[in-house]
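Read through the structure below, which is laid out as structure tokens, and then see the notes.
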Amino acid sequence: MSDQQRPQPRAERARRVADTLRQQITSGAYGQGKLPDERVLGHALGATRNVVREALALLGDEGMVIRRRGIGTQVVTAKYGHGLERLTGLAETLVDHGTVTNEVRTARVVPHAPKAVTERLRLPDGSEAVHLERLRSLDGRPLSVDSTWLAPDIGRPLLGLDLAHRDVFDLIEESTGHRLGSAEVTVHAVTAEPDTARLLEIPAGAALFAIDRLTCLADGRPVDAESLRVRADRFALHALVHRGPVPPRD
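If you're matching positions, the sequence shown starts at 700 in the working numbering and goes up one per residue.
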């Protein structure tokens, strides 16, 4: 019997239905509203009610939906999308979704920055750097913990500016008079250790996006090295990419 003819276990079918529903929820198809009932979802997704029920249970375990007897299935929190095609700050990205505020937990000059930081920012070994740590919230609900290291000439002027209500990107461009040019971004998955979980108001061990970003001025100079821990239940990363010629192999 071929793979196409082999009956699929219900758990496998439920996982695929959950994947489809997750994508729909993430894209905002249901907002923060109520999902259709199991019969309607099953008809739309070509699945039995039992499979749909199991898929909704998977999404419930993820914290994406909550199911209440006699009421139905409700999206707990809509995910907010962050595009990867353009270099933007969080407040700029989420301007249509609410107000981003920042609890400034650290804003100081570190006389001897860690070697890993000076290497990333191409500073002399043992150089000072400016360290910022902010707990970022959307409409009062924690979204991310951002740790930022800045080259000293870039960071020092920012210490006297409005770090509680402005994106660092905007402040850098405003204080230097120069545009940011590009950033190298790496995204991976981690689980929340107890301190981060406490700050973000999630259970220890919950899934997070770990985003490492090195941002440069238009001339290519690196000035901003960030490490972000973002709630995966409230955030989604997306990009529009194009397929170009395949580069030749060495």
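Note that beta-carbon positions come from the ideal geometry of N, C-alpha and C, so glycine has one too.
Check                                                                                                                      : Outcome
Whole-angstrom C-beta distance between D923 and V867, which should lie under 8 Å                                           : 7 Å
Chain-order list of residues whose beta-carbon lies under 7 Å from that of A903 (same chain, five-residue window excluded) : A891, E892, P893 and A896
Option nearest R835 by Cα separation, candidates R928, L734 and L879                                                       : R928
9 Å Cβ cutoff met for A850 and L899                                                                                        : no
Spatial neighbours of E827 in its chain, beta-carbon cut-off 8 Å, leaving aside the 5 residues before and after            : V808, V809, P810, H811, A812 and P851
Alpha helix (DSSP H) runs contained entirely in the stretch 701-783, provided each spans 4 or more residues                : 709-725, 737-744 and 748-760
Within 9 Å, strictly: CB atoms of A710 and E761                                                                            : no
Status (buried if at least 16 other CB within 10 Å, exposed otherwise) for P947                                            : exposed
R855 vs V829 beta-carbon contact at 9 Å                                                                                    : yes
Length of the line joining the Cα atoms of E818 and L857                                                                   : 22 Å
Proximity of E832 and A863 at Cβ, strictly below 9 Å                                                                       : no
Reference A756; option with closest CA among H742, G771, A743 and G745                                                     : G771
Buried/exposed call for A728, threshold 16 Cβ in 10 Å                                                                      : exposed
Beta-carbon proximity of V774 to L744, cut-off 9 Å                                                                         : no
DSSP bridge partner residues for F832 (one or two, in chain order)                                                         : For clarity, residue 832 is Glu in the given sequence; the question names Phe instead. E832 is bridged to T805 and S846.
Anticipated Cβ contact below 8 Å, R912 with V884, distance rounded                                                         : 5 Å
Residue from V751, P921 and H877 whose Cα sits closest to the Cα of R712                                                   : V751
Under the three-state DSSP convention, the category P841 falls into                                                        : strand
Nearest residue (CA-CA) to C915, options V886, P944, S926 and G880                                                         : G880
Straight-line gap, I910 to H742 (C-alpha atoms, nearest Å)                                                                 : 38 Å
Every unbroken alpha helix (DSSP H) inside the stretch 850-916 [4 residues or more]                                        : 851-854, 867-875 and 893-899
Three-state secondary structure (DSSP) of R821                                                                             : coil
Same chain, Cβ closer than 8 Å to R767, five either side skipped, listed in chain order                                    : Q773
Distance, R748 Cα to R738 Cα                                                                                               : 6 Å
Beta strand (DSSP E) segment containing S926, residue limits                                                               : P921 to R930
Rounded C-alpha distance that separates G730 from L907                                                                     : 22 Å
Where A935 falls: helix, strand or coil (DSSP)                                                                             : strand
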